[in-house]
Amino acid sequence: TYTVAATFRTRYDDDDEAIVSTLPRDASNVLVAKVTWEPEGTSGWHTHPGPAMVSVVKGELEIINERDCVVRTYGVGEAFIDPGQGNVHLASNTSTTDITVAYATFLGVPDGQPATVSVEPVACTPATESWRPGRRGVL
Numbered sequence: 006t007y008t009v010a011a012t013f014r015t016r017y018d019d020d021d022e023a024i025v026s027t028l029p030r031d032a033s034n035v036l037v038a039k040v041t042w043e044p045e046g047t048s049g050w051h052t053h054p055g056p057a058m059v060s061v062v063k064g065e066l067e068i069i070n071e072r073d074c075v076v077r078t079y080g081v082g083e084a085f086i087d088p089g090q091g092n093v094h095l096a097s098n099t100s101t102t103d104i105t106v107a108y109a110t111f112l113g114v115p116d117g118q119p120a121t122v123s124v125e126p127v128a129c130t131p132a133t134e135s136w137r138p139g140r141r142g143v144l
């Protein structure tokens with residue numbers, strides 16, 4: 006057997022600090038999921054045992070990380086890496102009419118364990134600025 010190791014360094018355009026995710030277990034434990042958010046739907050606050058690579062294929066997805074409370078919006082054809090391992094965040098579809106669909110690849114999911122771990126709601130007030138890949142705007 007082989008063990009697959011992985012380390013990800015995630016840095017947002019609006020943040021100087023990199024988030025490092027190093028898997029303490031075999032990264033070959035992979036789960037791929039199609040995730041659908043109904044209009045105004047949310048994931049609830051959660052984290053993942055390892056990194057998750059997410060690609061939006063329909064609609065828009067808003068992500069708020071507990072660490073900085075910045076609203077980051079991803080649209081069709083855009084993707085991001087969630088470092089997992091305690092990176093608490095909320096994913097939301099803010100549309101009142103359209104669904105949002107994304108494909109997520111979760112690495113390092115322990116055998117028999119869920120890829121998503123719910124946590125208590127976080128007191129996180131979004132910052133006054135929003136962020137989109139390649140562009141910035143004010144909420």
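In this note's numbering, the protein residues as written are 6 to 144.
Built from N, CA and C at the ideal position, the CB exists for glycine as well.
Since residue i sits in a beta bridge, which residues does DSSP pair it with?
i	result
S97	T47, E67
A205	There is no way to answer for residue 205, as the model of the chain reaches only from 6 to 144.
T15	I24
V122	T52
A57	D87, F111
Would you give the residue range spanned by the beta strand (DSSP E) that residue i belongs to?
i	result
A84	84-87
Buried or exposed: which applies to residue i, given that a residue is buried once 16 or more other Cβ atoms fall within 10 Å of its Cβ?
i	result
F13	buried
A128	exposed
T130	exposed
E67	buried
G117	exposed
P115	exposed
Taking residue i as the reference, which of the options has the closest Cα?
i	options	result
S33	I68, G55, L112	L112
S48	V62, G55, V40	V40
V37	D73, C74, S60, V75	S60
E71	E83, M58, Q90	Q90
Should the stretch 58-72 be called in touch with the stretch 99-108, which here means at least 3 C-beta pairs below 8 Å? Counting Cβ pairs under 8 Å, three or more are found: they touch.
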